[in-house]
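First up is the structure itself, then whatever we jot down about it.
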Amino acid sequence: MSVHVQNTRMTTSRLRMMKQNGEKIAMLTSYDFTLASLVDEAGIDIILVGDSGSNIVCGNQNTLPITVDEMIFLTRGVVRAAKHGLVVCDMPFGSYQVSTEDAVRNAVRILKESGCDGVKLEGGEEILPQIKRMVQAGIPVMGHLGLTPQSVNQFGGYGLRAKEKAEADKLLRDAKLLDEAGCFSIVLEKIPAALAAQVTKAVSCPVIGIGAGNGCDGQVLVLHDMLGLNQGFQPKFLRRFAQLAEPVKAAVSEYVSAVKDCTFPSEDEQY
Ligand code: KIV
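Residue numbers (the numbering used here): 21 to 291.
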């Protein structure tokens, strides 16, 4: 089934209208021009240049090492590709926690130097001053609650969050604070579906879930995970919409054989 792709660029106000009209929002990550072009042509609403690029692109163990400069580099290519989707860049660990001034300065840099449409930050009440100042400065901000991977060392792993009442209550409170502070959207990662549905009803901005059930206003996945390129990772919430690792390996292996047995290039493939 093909999706009708609108010619106009996605905006934060259109996303809000989609929530009001009950139209689901589709978001995926991308980290480079070529794949982002395909993702955009296929009709995605939001492209996230996630700090998951730290794992996916750079091969790090977690999202902590990636820098503002590296995020800007990745985001530039994605912005050049996006004709329709709204491009959001993750603010990396350390770029917004130290002070409000630092956070706004880094967000402004990301917007100016990458050309993206907005930034995403992990956390609730603790980073509310930063979010408020960014919104006042005219920067579109997406929140991120639940399993916030930049806090993996504090959490001690990537397990389900907000199972207990105290954490669930804090998450609901945080979501309302982010909404009131002017976030244009909130990502909820790996929390119980019932809680995610409750948050989605309680806030006016669109809520995008990953491992948060189908009661959210939209869904996000990491592109390389849903394409089956990232073989080692299989959490319950991940649906693989393709299995591309094997075809890629088979093509490379065929190429290696063709080079080694001198069948590539053929007469037709040379000048
Ligand atoms: O970095 C990322 O890819 C993300 C998504 C999982 C939401 O934050």
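The C-beta atom is built at its ideal place from N, Cα and C for all residues, glycine as well.
With distances taken between CA atoms, V108 lies nearest to S205 out of K210, S205, M246, I211.
The three-state reading of DSSP puts K190 in helix, counting H, G and I together. L247 is a Cβ neighbour of A262, given a cutoff of 8 angstroms.
In the three-state scheme derived from DSSP, where H, G and I count as helix and E and B as strand, L48 is classed as strand. Ranked by Cα distance from G97, the first of L131, E133, T87, Y51 is Y51. Counting only the Cα atoms, L84 lies some 7 angstroms from P112. In the three-state reduction of the DSSP assignment, E266 falls in the helix class. Non-local C-beta neighbours of A216 in its own chain, meaning closer than 6 angstroms and more than five positions away in sequence, comprise L208, G229, A232, G233, G235, C236, ordered along the chain. Between F284 and Y275, the CB-CB gap stays under 8 angstroms. M162 is bridged by DSSP to K140, S205.
One alpha carbon belongs to R29, the other to T54, and they sit about 19 angstroms apart.
When rounded, the separation of the alpha-carbon atoms in L258 and M47 is 14 angstroms. Taking C-alpha positions only, V155 is separated from T32 by approximately 13 angstroms. Rounded to the nearest angstrom, the Cβ distance from S72 to T49 is 6 angstroms, consistent with a contact under 8 angstroms. As computed with DSSP, C109 is found in a beta bridge with V69, V139.
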